[in-house]
Amino acid sequence: MPTIFIATPSGLRDIQKHVSPDEDVHEAIQSAIKQLPPNATEKGYLSTRGGQSLQDVSTAAGDIYLRWNMRLCGGKGGFGSMLRAQGGRMARKKNRKKTETENDSFRTLDGRRMKSIRQAKELGEYLSTADEVKKKEAEEKKQKLLNILQKEKTSGSSRKSKFENTRLLDEHEDAVQKMRKDAELAALACEVDTPLSSSAGSSGSNVKAKGGDFFGMDFSESESESGSDTGSV
Numbered sequence: 002m003p004t005i006f007i008a009t010p011s012g013l014r015d016i017q018k019h020v021s022p023d024e025d026v027h028e029a030i031q032s033a034i035k036q037l038p039p040n041a042t043e044k045g046y047l048s049t050r051g052g053q054s055l056q057d058v059s060t061a062a063g064d065i066y067l068r069w070n071m072r073l074c075g076g077k078g079g080f081g082s083m084l085r086a087q088g089g090r091m092a093r094k095k096n097r098k099k100t101e102t103e104n105d106s107f108r109t110l111d112g113r114r115m116k117s118i119r120q121a122k123e124l125g126e127y128l129s130t131a132d133e134v135k136k137k138e139a140e141e142k143k144q145k146l147l148n149i150l151q152k153e154k155t156s157g158s159s160r161k162s163k164f165e166n167t168r169l170l171d172e173h174e175d176a177v178q179k180m181r182k183d184a185e186l187a188a189l190a191c192e193v194d195t196p197l198s199s200s201a202g203s204s205g206s207n208v209k210a211k212g213g214d215f216f217g218m219d220f221s222e223s224e225s226e227s228g229s230d231t232g233s234v
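Numbering (this note's numbering) for the sequence shown: 2 to 234.
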């Protein structure tokens with residue numbers, strides 16, 4: 002007696018049904034499919050394992066092996082190509098970064114590391130464009146301020162503007178830059194004058210030699226005069 006084997010997806014139980022000699026094969030298959038849950042029968046279809054048509058199925062060759070497949074919900078399409086393109090871009094970026102930094106541990110004939118040379122080159126490129134970036138930011142601030150003033154004029158607001166030009170903004174930016182440069186120079190000077198112990202010792206000896214000279218006033222003479230006065234009394 003031949004048997005119908007229907008392989009189902011994971012989560013469902015495989016189906017086996019014996020076919021009697023007087024029973025039609027297709028009717029036996031339909032009755033076997035009814036053992037599946039209603040949701041599975043509505044969203045699935047039957048196929049042979051070898052890709053043959055169900056019309057050619059017969060019990061003459063013995064047992065019948067079938068497969069129940071579930072239909073998948075379709076998407077908008079194109080996701081696979083987008084994913085492959087993104088993966089290719091990531092791979093190229095990774096390889097490019099790897100080629101740029103793979104020689105960082107090497108040294109030149111002068112003994113300098115390739116990493117230091119690369120960083121110096123990147124720093125030079127940044128400094129060459131830093132002035133342009135700062136100038137662009139200042140222009141954007143100036144344009145934003147002009148837009149605010151123009152909006153107040155066109156709206157007829159009674160609030161008075163504090164100024165009518167952008168000279169104050171330029172002076173403010175110059176003052177900020179000057180203050181930053183002065184702070185950097187002061188910090189650099191402090192780093193240069195690190196040997197404070199020697200300077201402190203010399204300053205102490207100078208003070209002692211001067212005999213108590215404080216803010217340009219010599220207290221040694223006054224002390225001697227006071228001592229002579231007390232001795233005379």
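Every residue, glycine too, gets a C-beta built ideally from N, C-alpha and C.
C-alpha distance - residue i paired with residue j, whole-angstrom precision
| i | j | result |
| --- | --- | --- |
| residue 212 | residue 182 | Summary for residue 212: the model assigns pLDDT 48, below 50, so the residue's position carries little reliability, and this model does not support an answer. |
| residue 150 | residue 172 | 19 Å |
| residue 125 | residue 113 | 17 Å |
| residue 11 | residue 103 | 48 Å |
| residue 68 | residue 2 | 20 Å |
| residue 138 | residue 72 | 57 Å |
| residue 21 | residue 39 | 26 Å |
| residue 146 | residue 87 | 42 Å |
| residue 242 | residue 96 | Missing from the structure shown is residue 242; the chain here goes from 2 to 234 and no further. |
| residue 198 | residue 190 | Reliability of the predicted coordinates at residue 198 is poor, the pLDDT of 46 falling under 50, and the value obtained from them is presented with this limitation in mind. Cα to Cα, residue 198 sits roughly 16 Å from residue 190. |
| residue 208 | residue 131 | Since pLDDT at residue 208 reaches only 44, below the 50 mark, its modelled position is unreliable, and no value is offered. |
| residue 93 | residue 178 | 41 Å |
| residue 48 | residue 83 | 32 Å |
| residue 188 | residue 117 | 25 Å |
| residue 119 | residue 127 | 12 Å |
| residue 201 | residue 129 | Residue confidence is low: residue 201 scores 47 on pLDDT, short of 50, so the model does not pin down where it sits. No coordinate-derived value is stated. |
| residue 58 | residue 36 | 20 Å |
| residue 89 | residue 148 | 45 Å |
| residue 136 | residue 85 | 41 Å |
| residue 175 | residue 80 | 53 Å |
| residue 168 | residue 133 | 20 Å |
Boundaries of the alpha helix (DSSP H) in which residue i is found, first to last residue
| i | result |
| --- | --- |
| residue 32 | 26–34 |
| residue 39 | 39–43 |
Sheet register partners of residue i (DSSP bridge)
| i | result |
| --- | --- |
| residue 173 | Bridge partners of residue 173: none, in fact. |
| residue 114 | 108 |
| residue 47 | 69 |
| residue 155 | According to DSSP, residue 155 bridges with nothing at all. |
| residue 4 | 19 |
Residue i vs residue j beta-carbon contact at 7 Å
| i | j | result |
| --- | --- | --- |
| residue 16 | residue 30 | no |
| residue 27 | residue 4 | no |
| residue 70 | residue 51 | no |
| residue 115 | residue 105 | yes |
Anticipated Cβ contact below 8 Å, residue i with residue j, distance rounded
| i | j | result |
| --- | --- | --- |
| residue 13 | residue 41 | 6 Å |
| residue 142 | residue 110 | Their Cβ separation, rounded to whole angstroms, is 48 Å, which puts residue 142 and residue 110 out of contact at 8 Å. |
Check: residue i C-beta below 6 Å from any heavy atom of the ligand FMN
| i | result |
| --- | --- |
| residue 71 | In terms of ligand content, the structure shown is empty, and the ligand FMN therefore cannot be addressed. |
Residue interval of the beta strand (DSSP E) (run including residue i)
| i | result |
| --- | --- |
| residue 104 | That residue, residue 104, is in no beta strand (DSSP E); it is neither H nor E in DSSP. |
| residue 9 | That residue, residue 9, is in no beta strand (DSSP E); it is neither H nor E in DSSP. |
| residue 68 | 65–71 |
| residue 17 | 16–19 |
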